[in-house]
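Residue numbers (the numbering used here), protein chains in the order written: chain S, 907 to 1079; chain D, 436 to 858.
Note that beta-carbon positions come from the ideal geometry of N, C-alpha and C, so glycine has one too.
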C-alpha cells in the first residue's frame, strides 16, 4: 500500500468508525494491504458503508478454517473489495465461531456475492443469512461435509449418483 | 371466388399473391397470445459441445424464448484449493496451469507474482520483460480461442481456422521456449525455469508478423457481416453499473464501457512504460465483448513489439539461496550447494506468516490469489479468484428473455473456461 493509498483510506475508515461505533474491531496491515476486522453482527452495515464510499467491486469472498493455527474463533470470512473509481483495495475479515455459523449475506449489496457465498457455504458450511439460494455449487448436492475444512481428508472423494434437480433453483435467485 | 373454385384437380388450393398478402393481414395476431402452451424444459449441457468444458443450463422455454434458467457448474471441480494445501509453494505452479488452460503462463505469472510479493523480493529486469512478453502472447492466444470458438458456436467456422493457423505458430513458439504446448509451468518463484533460447527474439518477431493477417482476415469477415451482427448485437446486454456489481473484470467489463485495466491502474512489470490503449465497448453486448477482444489483440502485439526492444540482458533469476535452486554445476562440485539444493527441494520456500491478495490482469480479467502463510513449507490456504466465476454468475440474467440459440452466443462472449470456473 502506497502512502497515498493509506492517506485516502484513512478518512473512509474513520467515517465508518464514527457512524458505526464498535463495528470495526481491529485494523491490520498485511504486506501493505489494509485489513479491517469487522464485528459479525454489524458486518452487513460495514459493507453497506464501504459500498457507499465507492467500493463497487466485490472481488472475492474467501472462507478460511483456522483449525491448524492459533485462533480464538475457528472460521474466517474474508471479503476482498476494490473501488474502480478511486483505485483502492481493502480487505474485510469477519470471524465466525464454529457453533454459530451465521453470517449476514451481502447479496443485496453486490450481486457477485451470490455465487461467492454459495462457494463459501459449499466449502466451509457458513450460513449466509438472507441469501436467495444457498445451495452447493462446486461439489455435488449429495456431498457430505465441507471439503475445505482442515479436518476433511485431502484425498477423500465422494461419489455422485444421479443429477441434481434444478427446478427449485430456477424460481429462486 | 371461393376456395373450392380455386382448388385444381389435385385438391391443392392456389392463391394469387394479392390473395396471400390479404389473408396474412387478416390473421389476428393478438389471438396467438391467448394460445395455451405448456412450458418446455430443456437441458443445455453438461455434454453440449458449445459449453466449452462442462456445465449445465436448465431452461424453461416458452416456444423458443427462455423464460427462466438455472445454471449448474462444478463438473470440472478438481479441488485445486484443497490439493495445494499439501504441496510446497513451487509445486503449486503446475496446478495453476490447469486453471485457465487457454493461457497457462498468465496464471503462472499471477501466482508467482503473489508469492514474490509475500517474500518481498524484486525479480530481475530481464525476467520482468520476458514475463510481459509471454503474458501478452498468451493474451493473444486466449482471445483467439475465445473469439474463434464463439464464432463457431454461432455458425462461422472459417474464422476459427484463420485464428488457429496463427495460434498454431504461437504454440510452436512457446513449445520451443517451454517444452510444452498447453501446460507450460515455465515461471518460477523468483525467476523463470530457463532463459530464452538463442535467437528467440528473432523468432518472436517473425511469428508476430503473421498474426495481423489472421486478425484482419477474421475482422474482415465478421465486422460488417449481417448474420454476425444480428446474432450478437443487443444480445446479452449488461450496463456498466450492473457489470461492476456482478463482479465483471477484464474484457467483459470493458465491453460494458468501464475503463478498467489493472495493467494501467496498478502497473506491474513496467506496464506503465508501454504505449498501449485500453479498448472499451459501448453497449456491453456480445458484439462488443468480441470486438474488445479483437482490439486487445492489436494492443498486445504493440506491447510485445515494444517489450522486445526493451528486453535487457543480465540474469533471469534472483540471487537468493532460500528461494532459487543453486546452479547444477555447483551442486555437483560443492557441499554447500548440495545441502542448499536438498533443503530447498525437501522443505521448499517458506514465506513469512501473513496473508496477501494479489491480482493480475489475465486475458479473462482479474485473476487474484489470496494466500495465507503460516510460515511453513505449505501454503495454509490459497483462494483463487477466477475471473469467469463471476461472469458466469451473470449468465442466468443475460439469457433470460432471449432465444435458446443465444445461450451459446452469450456463453462464448463471456469466455467461460471450465478449468478456472470450477478449479
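Below 7 Å CB to CB, which residues in the same chain sit around residue i once its five sequence neighbours on both sides are set aside?
i, result
"residue 417 of chain D", "Past the edges of chain D, shown from 436 to 858, lies residue 417 of chain D, and the structure says nothing about it."
"residue 544 of chain D", "566, 570, 622, 795"
"residue 842 of chain D", "479, 492, 834"
"residue 606 of chain D", "616"
"residue 1055 of chain S", "971, 1030"
"residue 911 of chain S", "994"
According to DSSP, is residue i helix, strand or coil?
i, result
"residue 1033 of chain S", "strand"
"residue 819 of chain D", "strand"
"residue 614 of chain D", "coil"
"residue 431 of chain D", "With chain D running from 436 to 858 in the structure shown, residue 431 of chain D is simply not present."
"residue 993 of chain S", "coil"
"residue 1007 of chain S", "coil"
"residue 701 of chain D", "coil"
"residue 530 of chain D", "helix"
"residue 441 of chain D", "Note that residue 441 of chain D has pLDDT 49, beneath the 50 cutoff, so the model's placement of it is unreliable and the number below is only indicative. Note: residue 441 of chain D maps to helix in three-state DSSP."
"residue 804 of chain D", "strand"
"residue 965 of chain S", "strand"
"residue 849 of chain D", "helix"
"residue 724 of chain D", "helix"
"residue 549 of chain D", "helix"
"residue 1019 of chain S", "helix"
"residue 1001 of chain S", "strand"
"residue 449 of chain D", "coil"
"residue 760 of chain D", "coil"
"residue 859 of chain D", "The question about residue 859 of chain D has no answer, for chain D in this structure spans 436 to 858."
"residue 626 of chain D", "strand"
"residue 985 of chain S", "strand"
"residue 934 of chain S", "strand"
"residue 881 of chain S", "Residue 881 of chain S lies beyond the stretch modelled for chain S, which goes from 907 to 1079, so this question has no answer here."
"residue 780 of chain D", "helix"
"residue 494 of chain D", "strand"
"residue 500 of chain D", "strand"
Using a C-beta to C-beta distance shorter than 7 Å, which residues of chain D count as neighbours of residue i?
i, result
"residue 1075 of chain S", "505"
"residue 937 of chain S", "552, 553, 789, 791"
"residue 975 of chain S", "809, 815"
"residue 912 of chain S", "Under the 7 Å cutoff, chain D gives no residues; its nearest Cβ is about 15 Å from residue 912 of chain S."
Can you name, in chain order, every residue of its own chain whose Cβ lies under 6 Å from the Cβ of residue i, other than the five neighbours on each side?
i, result
"residue 385 of chain D", "The displayed coordinates of chain D run from 436 to 858. Any statement about residue 385 of chain D would go beyond what the structure contains."
"residue 928 of chain S", "none"
"residue 996 of chain S", "940, 987"
"residue 738 of chain D", "571, 709, 711"
Can you pull the chain S neighbours of residue i, defined as C-beta to C-beta under 7 Å?
i, result
"residue 816 of chain D", "970"
"residue 514 of chain D", "1053"
"residue 517 of chain D", "1053, 1054, 1060"
Mind listing the chain D neighbours of residue i? Cutoff is C-beta to C-beta under 8 Å, in chain order.
i, result
"residue 986 of chain S", "792, 803, 805, 820"
"residue 993 of chain S", "700, 701"
"residue 1045 of chain S", "509, 512"
Enumerate in chain order the residues of its own chain whose CB-to-CB distance from residue i is below 8 Å, with the five nearest sequence positions on each side excluded.
i, result
"residue 845 of chain D", "670, 671, 721, 830, 833, 834, 837"
"residue 757 of chain D", "779, 784, 785"
"residue 1009 of chain S", "946, 949, 983, 1000, 1002, 1032, 1033, 1034, 1035"
"residue 705 of chain D", "563, 564, 567, 745"
"residue 866 of chain D", "For chain D, the structure presents residues 436 to 858; residue 866 of chain D sits outside this window and is missing."
"residue 801 of chain D", "684, 685, 697, 794, 795, 820, 822"
"residue 437 of chain D", "Any reading at residue 437 of chain D must be qualified, since the residue scores a pLDDT of 49, below 50, and its modelled position is unreliable; no value is offered."
Going along chain S in order, which residues have a C-beta closer than 8 Å to the C-beta of residue i?
i, result
"residue 495 of chain D", "1076"
"residue 857 of chain D", "1044"
Against residue i, what residues of chain D qualify as contacts under a CB-to-CB distance less than 9 Å, listed in chain order?
i, result
"residue 997 of chain S", "790, 792, 805"
Quick one: which chain S residues come within Cβ less than 9 Å of residue i?
i, result
"residue 520 of chain D", "1054, 1056, 1060"
| If you measure beta-carbon to beta-carbon, which residues of the segment 1006-1020 of chain S are closer than 7 Å to chain D? | Cβ contacts with chain D: 1016, 1017, 1018, 1020.
| message | Under 8 Å: do the segment 761-777 of chain D and the segment 665-680 of chain D share three or more Cβ pairs, one atom per stretch? | response | No, they do not touch.
| field | Proximal residues, the segment 954-967 of chain S versus chain D, C-beta separation under 7 Å | value | 962, 963, 964, 965, 966
| query | Using Cβ-Cβ distances below 8 Å, what residues of the segment 679-712 of chain D are close to chain A? | reply | The structure shown has no chain A; the protein chains it does contain are S and D.
| Which residues, in chain order, does the segment 790-813 of chain D contribute to contact with chain S at a C-beta distance below 8 Å? | Per Cβ criterion, the list reads 790, 791, 792, 794, 801, 803, 805, 807, 809.
| message | Against chain D, which members of the segment 916-946 of chain S pass a CB distance test of less than 7 Å? | response | 936, 937, 939
| said: Which residues of the segment 1052-1072 of chain S have a Cβ closer than 7 Å to any Cβ of chain D? Give them in chain order. | reply: 1053, 1054, 1060, 1070, 1072
| Below 8 Å, can you find three or more Cβ-Cβ pairs linking the segment 550-566 of chain D to the segment 736-755 of chain D? | yes
| said: To be precise: take each residue of the segment 825-841 of chain D, compare its Cβ to all Cβ atoms of chain S, and keep it if any distance is under 9 Å. Which residues remain? | reply: Going along the segment 825-841 of chain D in chain order, one finds 825, 827, 828, 829, 831, 832 with a Cβ nearer than 9 Å to chain S.
| task | Determine contact between the segment 847-855 of chain D and the segment 531-542 of chain D, defined as no fewer than three beta-carbon pairs at a distance below 8 Å. | result | These segments touch.
| message | Does the contact criterion of 3 or more C-beta pairs under 8 Å hold for the segment 729-748 of chain D versus the segment 706-717 of chain D? | response | yes
| said: Taking 8 Å as the cut-off, does the segment 635-645 of chain D touch the segment 653-669 of chain D (at least 3 CB pairs, one atom from each stretch)? | reply: In the pairwise beta carbon analysis, the segment 653-669 of chain D is classified as not touching the segment 635-645 of chain D: fewer than three pairs are separated by under 8 Å.
| request: Mind the definition here: the segment 931-943 of chain S touches the segment 958-975 of chain S only if three or more C-beta pairs lie below 8 Å; say whether that holds. | output: Flag = no, the segment 931-943 of chain S and the segment 958-975 of chain S do not touch.
| Segment contact flag, the segment 1063-1075 of chain S with the segment 1040-1053 of chain S, C-beta cutoff 8 Å, min 3 pairs | Under the 8 Å Cβ criterion, the segment 1063-1075 of chain S counts as touching the segment 1040-1053 of chain S, having at least three qualifying pairs.
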